[in-house]
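What follows is one structure encoded as structure tokens, with my remarks underneath.
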Amino acid sequence: DEVNKEFVKEILGPQEEIPVPSATDEFFEDIDEEEEDTVQDLKYDIDTEPEIRNKDISLLLNLTLEASNEVYKDNIIGDENFYTISDYSVPVLFQKVEGNLIVAFRGTASISNILTDLNTSNFLSNAENEINEYELFKYRMENRGVKAHSGFIKVLTESRLPKRLTDASYVGARNAIPLYDVVRAEIDKFKGTVNSVVMTGHSLGGAIATLFYYLYQTDYTNSDEKISMRVISYGSPRVFYTQSKDAVESV
């Protein structure tokens, strides 16, 4: 609607064309051997379609901003390409736009969400901050010793029985399902119909999107079903502990 368009316009500002360096500019000088392959790919993109990167970034910013705003709305009536799962403390919006699947987590909008924001850790034990201490993740990924905000981890490990049991992936389900597994199952449904998944959200939603991205990338179960993923968050609080920086950035 017009309000959303104005909101996006206000955040993005004027859409000025950003100059893109050519393959002969200083941009490509003094590179390490390990970076050579990446640079060659970048040279090809720039030399063949110099405007493609600016257009892609602008499109993704618009899509993710709108999705991060839409997910706050109640009673969304959508279809198989635009719908929400609202059975959990943090609702999730799924929107397929051409070759992209936008997945947006809602930000802080309830007392429960405020408590989640405040639940950074348990001063009696660090176990609640260690991702691999949770049963859901213990046997699905390498133990890198990564620590994160315990409230954010608990959002994704929160188990409920989704209402969308008519969907093939939930038929016969009788036990509560963690939000992480529900979102993962929904993403898997789009395998072969989208080229990439973009996780997004504002505030708390941005933090959950960031954490989900890390978990998805390091989860080695059903790896053949994975789709290329990126994350764009807005106003997200810190998710990971400082000492986990290297392990997280290696993903």
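The opening residue of the sequence shown carries number 154 in the numbering used here; numbering runs sequentially from there.
We put the CB at the ideal spot given by N, CA and C, even for glycine.
Beta-carbon proximity of residue i to residue j, cut-off 9 angstroms
i: Asn348; j: Ile306; result: no
i: Glu295; j: Tyr373; result: yes
i: His302; j: Val392; result: yes
i: Tyr369; j: Arg337; result: yes
i: Gln297; j: Ala400; result: Sequence inspection shows Arg at residue 297; the Gln mentioned does not correspond to that position. Their beta carbons are under 9 angstroms apart, which means Arg297 touches Ala400 by this criterion.
i: Asn285; j: Val299; result: yes
i: Ser403; j: Ala360; result: no
i: Asn282; j: Tyr394; result: yes
Which residues DSSP lists as bridging residue i, in chain order
i: Asn253; result: Val250, Ser349
i: Ile385; result: Thr353
i: Val245; result: Ile238, Phe258
i: Ser312; result: Pro331
Nonlocal neighbours in the same chain, by C-beta distance under 6 angstroms from residue i, ignoring five residues either side
i: Leu332; result: Tyr241, Leu309, Glu311
i: Glu251; result: none
i: Asp341; result: Glu378
Close Cβ partners of residue i (< 8 angstroms) along its chain, the five nearest in sequence each way excluded
i: Thr217; result: Ile255, Ala257, Val351, Thr353, Ile385, Tyr387
i: Arg313; result: Asp240, Tyr241, Ala329, Ile330, Leu332
i: Thr346; result: Lys249
DSSP state of residue i mapped onto helix, strand, coil
i: Glu233; result: coil
i: Glu281; result: helix
i: Lys398; result: helix
i: Pro390; result: coil
i: Ile306; result: helix
i: Lys226; result: coil
i: Ser265; result: helix
i: Ser211; result: helix
i: Ser274; result: coil
Residues of its chain near residue i, where Cβ-Cβ distance is below 7 angstroms and the 5 sequence neighbours each way are ignored
i: Thr261; result: Ile267, Asp270, Ser356, Leu357
i: Thr273; result: His302, Ser303, Gly304
Do the region 213-233 and the region 351-360 make contact, defined as three or more Cβ pairs closer than 8 angstroms? yes
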